[in-house]
């Protein structure tokens with residue numbers, strides 16, 4: 001044949017090795033999210049600081065919540081481990097295979113994270129659905145088997161859909177595969193269908209026998225050929241998680257922070273040589289302040305014009321400016337930095353006090369006697385970097401006019417795989433593993449990983465052994481325990497079943513004798529208090545007085561006020577049915593005429609309840625624990641008596657027995 005057109009001149013540096021000898025899937029752990037929209041979805045974040053999606057992007061025209069798709073890419077590496085190229089359907093033959101499962105109902109109950117000392121005093125961790133005999137327990141596992149896909153713009157075929165798994169012989173849809181125009185993999189999870197095969201109402205925040213949900217997780221692998229030559233590929237993992245109701249926000253300690261600390265401590269990742277204010281300190285300050293949009297206590301403390309508004313321009317300028325000579329008495333900002341560092345929780349110093357930052361619950365929340373792990377602390381790496389900043393040992397690289405890259409393509413090729421790994425985990429929580437939102441406590445064990453951020457896969461030919469009717473803390477962390485190579489469904493099996501019951505119970509301010517709003521559970525994913533659409537309209541209304549507008553801005557409404565106020569059980573069961581109707585916290589333009597108000601605000605939008613008349617802002621604000629309500633025979637009488645002791649309107653108080661926070665308090 002005649003030769004084709006000449007290839008364009010190479011832009012590669014002379015002598016650079018461009019032969020691809022291996023490949024890897026990124027993100028190493030991808031996160032999809034539940035939604036009740038029939039068909040519509042959006043892509044999960046691929047950049048840690050990418051611009052937010054336009055307001056209204058998260059629900060479809062019917063008001064249903066869209067699913068978040070996890071997108072996976074393959075990058076080729078040379079013999080030196082350098083990134084050579086992203087491999088797409090134009091440059092390689094890609095065949096993707098995914099195997100997800102849901103093992104929650106066949107696994108053990110959640111009582112407490114089994115790797116903390118308090119687990120020794122917790123009730124025994126026994127099997128869920130313990131009355132199902134061993135010979136029948138496989139019917140509790142929803143496992144449709146693997147699915148494969150190749151090519152570009154593929155979707156819709158039955159062989160791409162995970163719909164052949166069953167729960168006690170009832171089919172359960174767990175998601176589907178698609179590809180984009182470049183042959184990258186798109187994984188969509190379940191649609192939020194949770195149910196009991198006996199129609200038994202849910203009554204526990206984490207352990208509901210006869211129930212299933214449609215979250216899942218499992219390995220993502222790829223077969224890659226370049227010009228007919230097979231290339232070995234490092235595999236990945238996909239996790240289907242609950243919805244993200246505040247998609248722009250990050251928690252103070254993210255899953256990326258937790259795993260980064262794990263690998264730095266193990267020596268498999270190098271710690272930063274210098275402390276960059278912009279990369280290491282500013283994100284922490286911003287997260288504290290951004291939680292103002294999802295919790296009233298954080299709003300009063302760190303919010304716009306709050307007592308510790310760390311992002312106020314004058315304050316931020318001081319925090320970003322070191323002395324020319326660290327430790328010099330002339331460093332006028334040294335004490336300011338030191339006080340912020342010293343206010344962060346130190347487990348050895350602070351015991352169970354709720355006062356240190358951040359005011360977020362920890363793994364041992366609700367245990368008695370109170371534990372230092374009652375509340376959250378930064379990772380050791382975060383704390384050390386903040387310590388160096390406080391001492392003035394940091395790089396003053398803050399530029400208020402700088403803008404983050406808008407998309408993955410704006411980054412150099414060599415940085416894109418790491419950016420994908422980081423972005424997926426930065427929007428996942430490492431707050432209280434009680435049990436958690438996307439992941440839980442096994443994730444902090446090095447034995448789970450084959451490489452940084454890349455989970456160890458179990459050989460399908462080597463099934464996991466049985467651990468018996470009770471899983472002890474010693475078994476859980478043993479060399480032959482479950483914290484090693486993982487199989488389909490092994491990450492999400494530790495979580496609540498169904499997920500909606502835990503989401504409905506993880507709120508804030510349980511001890512209202514201390515504070516109505518703090519500490520809190522998971523506000524970056526599950527809001528507590530929000531700026532409503534009605535208050536936002538007042539804030540931007542230039543015909544209203546400055547006092548009216550500022551008062552409206554300071555107001556917050558309880559996010560789940562739409563759910564029943566009759567009992568904790570009624571609220572949990574309503575969450576199962578109506579999770580997609582709750583509002584999302586999305587960015588809006590703020591007023592430009594009042595310097596006392598912010599130029600950008602995050603507002604509760606897309607509420608889909610019908611009728612849309614909002615309930616009172618403070619409905620479900622106060623949680624009143626009534627120990628006697630644990631006995632059904634005395635529940636109504638005990639709740640009525642307890643309500644008479646609280647000087648608050650009935651609509652503000654949700655009274656009942658809250659096993660989420662008091663199971664161990666009530667034990668002898």
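In the UniProt record's numbering, the protein residues as written are 1 to 668.
Cβ atoms here follow ideal geometry from the backbone N, Cα and C, with glycine treated the same way.
Asked	Found
8 Å CB neighbourhood of residue 309 in its chain, flanking five on each side removed	289, 302, 303, 315
Three-state secondary structure assigned by DSSP to residue 31	strand
Span of the alpha helix (DSSP H), counted from its first residue to its last, around residue 301	296-302
Backbone CA spacing between residue 442 and residue 100 [nearest angstrom]	18 Å
Burial state of residue 610, where buried means 16 or more other Cβ atoms lie within 10 Å	exposed
Extent of the continuous alpha helix (DSSP H) to which residue 184 belongs	Where residue 184 is concerned, there is no enclosing alpha helix (DSSP H), given that its DSSP letter is neither H nor E.
Of the residues 502, 447, 506, 492, the one placed nearest residue 478, counting alpha carbons only	447
is_contact[residue 192, chain D] using C-beta, thresh 8 Å	Of the chains in the structure shown, none is chain D; there is only one protein chain.
Distance CB(residue 215)-CB(residue 34) smaller than 8 Å	yes
Sufficient close CB pairs (3 or more, under 8 Å) joining the stretch 184-192 to the stretch 85-99	yes
Selected residue, minimal CA-CA separation from residue 50, among 415, 248, 181, 653	248
Cβ separation of residue 209 and residue 129, assumed to be a contact under 8 Å, to the nearest whole Å	5 Å
Beta-carbon gap between residue 496 and residue 572 smaller than 8 Å	no
Residue 665 to residue 362 span [Cα, whole Å]	For residue 665, the predicted model reports a pLDDT of 46, less than 50, meaning its position is unreliable; a value from the coordinates is still stated below. Spanning the two alpha carbons is a distance of roughly 16 Å.
Beta-carbon proximity list for residue 258, same chain, < 8 Å, skipping 5 on both sides	379, 430, 443, 444
Under the three-state DSSP convention, the category residue 242 falls into	coil
Residue 530 vs residue 604 beta-carbon contact at 8 Å	yes
The stretch 581-588 touching the stretch 230-246, judged by at least three CB pairs closer than 8 Å	yes
Beta-carbon proximity check, residue 241 vs residue 506, cutoff 8 Å	no
Meets three-Cβ-pair contact criterion under 8 Å: the stretch 35-50 and the stretch 471-487	no
Close-in-space but distant-in-sequence residues of the same chain around residue 285 (CB under 6 Å, 5 per side omitted)	310
Cutoff 8 Å; reference residue 622; Cβ partners in own chain excluding five residues on either side	509, 512, 516, 646, 648, 652, 653, 654
Where residue 389 falls, given that 16 or more other Cβ within 10 Å makes a residue buried	buried
Contact the stretch 251-268 vs the stretch 365-373: 3+ CB pairs below 8 Å	no
Spatial distance of residue 298 from residue 148 (CA atoms)	46 Å
Where residue 644 sits in the DSSP three-state scheme	coil
Reference residue 455; option with closest CA among 19, 18, 27	27
Extent of the continuous alpha helix (DSSP H) run through residue 340	334-343
Cβ separation of residue 230 and residue 219, assumed to be a contact under 8 Å, to the nearest whole Å	With 8 Å as the limit, residue 230 and residue 219 do not qualify as a contact, their Cβ atoms being about 19 Å apart.
Delimiting residues of the beta strand (DSSP E) encompassing residue 435	First-last for residue 435: undefined, no H or E at that position.
Residue 502 burial status per 10 Å Cβ neighbour count (16 or more: buried)	buried
Residue 668, buried or exposed, once every other Cβ within 10 Å from all chains shown has been counted against 16	Confidence at residue 668 is low in this model, with a pLDDT of 32, below 50, so its placement is unreliable and no value can be given for it.
Own chain partners of residue 682 with C-beta closer than 7 Å, once the 5 adjacent residues on each side are dropped	There is no way to answer for residue 682, as the model of the chain reaches only from 1 to 668.
Test item: CB-CB of residue 276 and residue 576 under 8 Å	no
Range covered by the alpha helix (DSSP H) that runs through residue 576	568-578
Extent of the continuous alpha helix (DSSP H) run through residue 549	546-554
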